[in-house]
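Numbering (our numbering) for the sequence shown: 9 to 496. Beta carbons: idealized from backbone N, C-alpha and C, even for Gly. First the structure, in the form of structure tokens, and then the observations on it.
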Amino acid sequence: MIIKEMLKKNFTRIREECGVFGISNIEDASTLTTLGLHALQHRGQEGCGIVSYDGYNYFSEKRFGLVGDNFNNQETIKKLPGYYAIGHNRYSTTGGKILRNVQPFFADTNAGGIGVSHNGNLTNAITLRKKLVEDGAIFYTTSDTETIVQLIARSKKEKNIDKIIEAISQIQGGYALVMLTQNILIGARDIYGIRPLVIGKIENSYVLASETCALDIIGATFLREVENGEIVYIEDDQLHSLKPFGDHKTRPCVFEYIYFSRPDSMLRGKTAYEYRKNLGKELAKEDDIKADLVVPVPDSGNAAAIGYSHQKKIDFDLGLIRNHYVGRTFIEPGQQIRSLGVKLKLNANKSSIEGKSIILVDDSLVRGTTSHKIVKMLYDAGATEVHLRIACPEIKFPDFYGVDMPTKKELLAANKSIEEICEYVKAKSLRFLSIKGLYKALGFADRDHENPQLTDHYFTGDYPIKLIDQLGDSKITQLSLLSAGTNS
Ligand code: AMP
């Protein structure tokens with residue numbers, strides 16, 4: 009996309025929303041990494057890559073598209089020998105769809121090679137990049153992750169692990185990093201633990217992954233989460249932990265609970281599925297509506313709708329049938345295609361909804377495109393009433409820590425009242441979960457307003473990490489870097 013179009017579409021940041029994986033000292037490291045990435049496919053579908061190390065050399069293979077379509081053959085795996093590997097799934101973002109942006113990134117430093125996989129979004133990447141460019145650095149990608157690689161490569165420390173600590177101390181934002189330098193596997197999580205990262209073990213080998221579902225697929229046991237602000241490294245089959253950035257309260261991203269993590273992944277000792285059922289239950293407790301059926305928006309609203317239906321003792325039925333061979337509606341870049349996408353993905357199940365009043369449950373409402381289409385679909389198929397229920401509060405503020413959210417202008421709840429949204433989606437009634445209900449569903453008595461337990465700026469506007477790149481004059485640099493990437 010050329011700059012003018014980008015300006016029109018109001019692109020003001022680079023977005024990364026990805027899955028990361030790493031494994032140390034094990035036979036078939038690249039095959040296991042492929043499986044791990046496959047389990048994390050929901051975190052990113054644009055591209056995938058693996059970097060392996062065989063004790064002498066590094067190997068790298070990167071592709072556009074899905075893991076199963078690209079790493080499903082021995083030919084590719086054979087190109088990734090060694091007992092150590094890291095991998096990455098890249099989310100489809102609007103800017104810079106070029107292979108050079110597909111991770112893991114690799115760099116040679118004076119302490120040896122280093123591969124980097126990053127999930128998240130740095131809030132000072134543009135500011136740092138500007139300084140690095142002034143200092144003579146040449147950037148090859150449009151990704152904020154390259155800033156980390158540049159900082160590591162420019163560190164004067166002797167060992168790569170110390171270079172990494174120095175680099176991480178300069179970055180801000182949401183990040184989960186998995187890195188490989190010779191036979192040392194490294195993991196790091198931002199000071200609030202906004203982006204997820206877990207540690208698993210298989211025989212004597214350690215695994216790092218965005219979510220526990222990537223441990224399950226290879227038969228690894230879950231050990232613990234990497235803590236907020238923690239750097240772990242695995243050397244000679246020993247796990248070491250460093251906390252170089254002081255003490256901070258953990259504050260994971262609420263959207264991992266609501267939408268992003270796979271339902272079977274564990275977050276703070278429970279599956280995302282259980283939390284989502286609780287979100288539906290709390291929503292039902294706050295609601296006084298009566299109807300014949302509870303219908304989920306598949307698959308994102310499934311768990312919440314089950315919880316809602318159990319709580320209300322109203323029948324649950326599949327009033328919408330999903331075509332599983334279409335990607336997420338969100339991955340389509342343009343608004344026009346996105347609205348088509350909803351039709352491609354879902355169809356009304358006439359037999360279960362005709363003549364019925366329906367409570368339609370989804371996990372979240374962002375632009376309102378999905379709800380708008382589905383409400384119409386249900387009425388067209390004979391529903392007598394459609395009451396829309398959203399199992400999270402109104403999203404009023406954009407994200408800058410790694411979840412693909414549109415700008416404030418496009419966020420429906422940032423610009424319309426609940427009544428206006430209801431009118432827009434043409435539902436009979438509309439209700440969102442309260443913030444208190446959200447916290448209760450996620451295991452807290454209420455939101456601690458002094459020290460919030462979760463990163464929840466989507467609803468509150470409370471951004472725990474300063475948005476450095478949104479201030480000052482960084483925008484100019486950002487636009488030139490976006491054009492550099494997209495023209496390649
Ligand atoms: P919208 O149609 O714009 O209101 O988006 C709402 C739908 O998109 C819901 O079904 C959500 O499950 C899904 N959704 C919410 N947040 C995201 C996200 N960050 N990435 C992809 N899909 C999302």
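Neighbour flag for residue i against chain C, beta carbons, 8 Å
i      : result
Leu188 : Of the protein chains in the structure, only one exists, and it is not chain C.
Same chain only: Cβ atoms within 6 Å of residue i, ignoring 5 sequence neighbours per side
i      : result
Phe338 : The predicted model places Phe338 with a pLDDT of 48, which falls under 50 and marks its position as unreliable; any figure quoted below should be read in that light. The answer is none, since no qualifying residue turns up.
Cys430 : Leu438
Gln478 : none
Arg137 : Thr155
Ile176 : Ala196
Glu233 : Val206
Phe72  : Gly55
Thr485 : Residue confidence for Thr485 is low, a pLDDT of 45 falling below 50, so the modelled location carries little weight and cannot support an answer.
Lys404 : Ala421 and Ala422
Chain-order list of residues whose beta-carbon lies under 8 Å from that of residue i (same chain, five-residue window excluded)
i      : result
Met187 : Gly30, Ile94, Ile122, Gly123, Val124, Ser125, Ile172, Leu193, Ile194, Gly195 and Ala196
Tyr447 : Ala453, Asp454, Arg455, Gln461 and Leu462
Gly376 : Leu420, Ile429, Tyr432 and Val433
Tyr64  : none
Lys358 : Ala389 and Gly390
Lys278 : Gly451
Proximity test, residue i beta-carbon vs the ligand AMP heavy atom, cut-off 7 Å
i      : result
Thr378 : yes
Ser308 : yes
Val369 : no
Met385 : no
Tyr267 : yes
Thr372 : Sequence inspection shows Ser at residue 372; the Thr mentioned does not correspond to that position. Yes, the beta carbon of Ser372 sits closer than 7 Å to at least one heavy atom of the ligand AMP.
Gly464 : The sequence shown places Asp at residue 464, not Gly. Not so, every heavy atom of the ligand AMP lies at least 7 Å from the Cβ.
Met413 : yes
Val75  : no
Val305 : yes
Nearest-angstrom Cβ-Cβ length linking residue i and residue j, presumed shorter than 8 Å
i      : j      : result
Leu218 : Leu48  : The sequence given here has Ser at residue 218, not Leu. Correct: roughly 6 Å between the Cβ atoms.
Asp407 : Tyr466 : 6 Å
Leu354 : Ile382 : 7 Å
Asn129 : Val28  : Their Cβ separation, rounded to whole angstroms, is 14 Å, which puts Asn129 and Val28 out of contact at 8 Å.
Leu216 : Leu205 : 6 Å
Tyr61  : Asn168 : With 8 Å as the limit, Tyr61 and Asn168 do not qualify as a contact, their Cβ atoms being about 12 Å apart.
Phe2   : Ser163 : The shown model of the chain, from 9 to 496, leaves out residue 2, and the question about it has no answer.
Gly410 : Gly182 : 5 Å
Leu373 : Ser379 : 6 Å
Lys289 : Gly327 : About 20 Å; that fails the 8 Å criterion.
Ala299 : Gln319 : Contact flag wrong, Cβ pair sits at about 13 Å.
Asp245 : Asn78  : 30 Å between Cβ atoms; not a contact.
Residues bridged to residue i (per DSSP)
i      : result
Asn129 : Gly182
Gln478 : None, per the DSSP bridge assignment.
Cys56  : Arg71 and Asn97
Leu247 : Ile242
Ala217 : Phe29 and Val206
His395 : Ile367 and Ser437
Met413 : Beta-bridge pairing links Met413 to no other residue.
Cys261 : Thr463
Met187 : Val124 and Ile194
Tyr281 : Its beta-bridge partners do not exist; DSSP assigns none.
Asp323 : Leu301
Glu233 : Val206
Phe113 : Val124
Ile329 : Asn355
Closer than 7 Å: residue i CB and nearest the ligand GTP heavy atom
i      : result
Arg375 : Questions concerning the ligand GTP fall outside what the structure shown contains, since the ligands it does hold are the ligand AMP.
Chain-order list of residues whose beta-carbon lies under 7 Å from that of residue i (same chain, five-residue window excluded)
i      : result
Lys70  : Gly55, Gly57, Leu107 and Val110
Tyr281 : Pro271, Asp272 and Ala311
Gly201 : Glu235, Asn236, Thr258, Arg259 and Pro260
Ile476 : Thr131, Asn132, Thr135 and Gln180
Phe452 : Gln461
Arg330 : Pro306, Asp307, Lys353 and Leu354
Asp325 : Leu301, Val303 and Ser360
Lys251 : Gly237 and Glu238
Ser249 : Glu238 and Val240
Evaluate contact between the region 307-327 and the region 274-294, counting only Cβ atoms and requiring at least three cross-stretch pairs below 8 Å.
yes
Evaluate the contact criterion for the region 358-373 versus the region 386-405: three or more CB pairs, one atom per stretch, below 8 Å.
yes
I want to know whether the region 138-148 touches the region 81-90 - three or more CB-CB distances under 8 Å.
no
The region 227-242 in contact with the region 262-270 per 3-pair CB rule at 8 Å
no
Mind the definition here: the region 114-121 touches the region 459-475 only if three or more C-beta pairs lie below 8 Å; say whether that holds.
no
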